[in-house]
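A.B. asks: In mature numbering (1 follows the signal peptide of the UniProt record, and there is no 0), the protein residues as written are -49 to -1, 1 to 172.
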Amino acid sequence: MGARGGGSRKMAAAGGIAGRSATVVAARLPLSACLLAAAASLAAVKVSAVEVTTPEEMFVENETDVKLPCTFTSVEVISSAASVSWSFQPEGAATRISFFYYSNGKPYTGKDIPFKDRVTWAGDLNKKDASISISNMQFQDNGTYICDVKNPPDIVVKPGEIRLRVVEKDSLPAFPIAMVAGIVIGTVTGLTLLISIVVCLVMRKNNSKKRYSGAQSFTRS
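#1: So, are the CB atoms of PHE23 and VAL117 less than 7 angstroms apart?
#2: Roughly how many angstroms lie between the CA atoms of GLU75 and LEU144, to the nearest whole one?
#3: Take THR95 as the anchor and find which of THR5, VAL1, ASP80 has the nearest alpha-carbon.
#4: Pull up the distance between the alpha-carbon of VAL11 and that of VAL17, whole angstroms please.
#5: Mind checking who PHE23 pairs with in its DSSP beta bridge?
#6: Starting from GLN40, follow the beta strand (DSSP E) in both directions and report where the run begins and ends.
#7: Does the beta-carbon distance from SER25 to ASP105 come in below 7 angstroms?
#8: Could you give the residue range of the beta strand (DSSP E) that holds ARG114?
#9: My output table needs one value for PHE90: the three-state DSSP class, helix, strand or coil.
#10: Do ARG114 and ASN87 come within 7 angstroms of each other at the CB atom, strictly closer than that value?
#11: So VAL28 is in the beta strand (DSSP E); what residue range does that whole segment cover?
#12: Could you name the residues that DSSP lists as bridge partners for PHE51?
#13: Only counting the same chain, and skipping five residues up and downstream in sequence, which positions put a Cβ closer than 7 angstroms to that of LEU(-8)?
#14: Following the continuous beta strand (DSSP E) through SER84, name the residue where it begins and the one where it ends.
Right under this line is the structure:
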């Protein structure tokens, strides 16, 4: 009985030592190894997604044609199973209408849509382009256009959405919102860089004066 108890205590002690050793080894893992593991995890998450890119907002003149740009990235080879679907949410509506589908080199349009005979395929899946064109835009075509791309086994994380505005002819905004945003961001970035350079130069000049004054004091003494 005593021998058995002693054996159990030895096994428990050995188990405790092994557990502490594993903890010590884990604690001693270099930071670079942890960072590499985290990066690998992020990469594993990213490879399973199709990323769709579209402009956020577009303006088009009434009774003119428009191309709705939609591009995507995928780590998988584009296959015959890849597909593109476009849907439309009219201004002020809560529901979306599927009006265009493209797969295996063939386009399909919905039966009861406002622009059934006006939409055409303008993309190239091999070039990762899922764009479409709509002719003779009307005011009732105002709304949000959604581009969704699938390339199995990749799936889309978030479809691209374009908020489209049909305006009177010769009434296009002089500066589109995207352009204004780009100008503002560029200006702020440039000013920040300029201020940083000026601050660095001033600090460097002050440090040089301090070193020069210290050297003169040492020479006089």
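Glycine included, C-beta positions come from ideal geometry on N, C-alpha and C.
C.D. replies: Straight from the coordinates:
#1: no
#2: Looking at the sequence provided, one finds Asp at residue 75 rather than Glu. Each residue's alpha carbon lies about 40 angstroms from the other.
#3: THR5
#4: 7 angstroms
#5: VAL3
#6: 34 to 41
#7: In contact: SER25 and ASP105 (Cβ atoms closer than 7 angstroms).
#8: 111 to 118
#9: helix
#10: no
#11: From DSSP, VAL28 is part of no beta strand (DSSP E); its letter is neither H nor E.
#12: TRP37, THR60
#13: Any reading at LEU(-8) needs caution, since the residue's pLDDT is 41, under 50, leaving its predicted position unreliable; the model's value is listed next. There are no such residues.
#14: 83 to 85
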